Every structure is written in C-alpha cells, then in structure tokens.
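Numbering (our numbering), first residue to last: 27 to 95. Positions of the beta carbon are idealized from the N, C-alpha and C atoms, including for glycine. Predicted model, so just to flag it, every value in this text is computed and none were measured.
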C-alpha cells in the first residue's frame with residue numbers, strides 16, 4: 027500500500043509499505059530522521075510511533091517550535 031510522508035521544511039515522499047506498518051517503520055523507510063524533536067500526525071491528527079498506517083495515509087513530521095520568553 028502507498029502512504030505519503032511529509033517532513034515540513036524538507037520534502038515529501040510517497041513510499042510503498044506493507045499492511046500493518048507502523049508510523050515508526052514508515053519514518054525509517056522514508057529516510058527522514060526518527061527524531062523526538064518532530065511531532066507526528068497522521069491525516070491531521072496527532073499520532074504515536076506505534077500507530078498503524080492505512081492505505082493512502084498522510085504522515086506529517088512537524089518540527090517542534092521552541093524558544094520565547
């Protein structure tokens with residue numbers, strides 16, 4: 027099945043994964059950094075690394091905003 031992985035500030039990749047693929051596995055397969063400084067969203071909703079992706083899912087990696095006073 028195909029899913030899209032977006033890494034904000036970088037690029038987007040459409041990858042082929044097997045049924046039962048987790049968010050974490052899709053990140054590793056896409057080649058984007060599996061970094062805790064990115065929050066994960068699947069189809070616009072917050073996600074965990076253990077969540078299972080479905081056909082056509084859009085996984086977005088969003089860098090956390092830090093700083094301010």
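Subject >> Whole-angstrom distance between residue 53 and residue 40, CA atom to CA atom >> reply: Residue 40 sits at position 14 when you count from the first residue of the chain shown. Residue 53 sits at position 27 when you count from the first residue of the chain shown. Spanning the two alpha carbons is a distance of roughly 11 Å.
Subject >> residue 30 - partner residues in DSSP beta bridges >> reply: Indexing the chain shown from 1 puts residue 30 at position 4. 40, 84, per the DSSP bridge assignment.
Original post:
Which of helix, strand or coil does DSSP assign to residue 49?
Top reply: Here residue 49 refers to the residue found at position 23 when the chain shown is read from its first residue. In this structure, residue 49 counts as helix in the three-state DSSP scheme.
Original post:
Closest to residue 68 by CA distance: which of 59, 57, 76, 86 is it?
Top reply: Taking the chain shown and counting its residues from 1, one reaches residue 68 at position 42. Among 59, 57, 76, 86, the Cα nearest to that of residue 68 belongs to 86.
Subject >> For residue 56, three-class secondary structure by DSSP >> reply: Sequence index remark: in the chain shown, residue 56 carries index 30 (1-based). It is helical.
Original post:
Near residue 89, which residues of its chain fall below 7 Å by C-beta distance, leaving aside the five closest residues on each side in sequence?
Top reply: Mapped onto the chain shown, residue 89 falls at position 63. Excluding the 5 residues flanking it on each side, residue 89 has same chain C-beta neighbours closer than 7 Å at 34, 35, 63, 64, in chain order.
**OP:** Report yes if the CB atom of residue 66 is closer than 8 Å to the CB atom of residue 43, and no otherwise.
**Re:** Stepping through the chain shown from its first residue, residue 66 is reached at position 40. Stepping through the chain shown from its first residue, residue 43 is reached at position 17. No. Outside cutoff.
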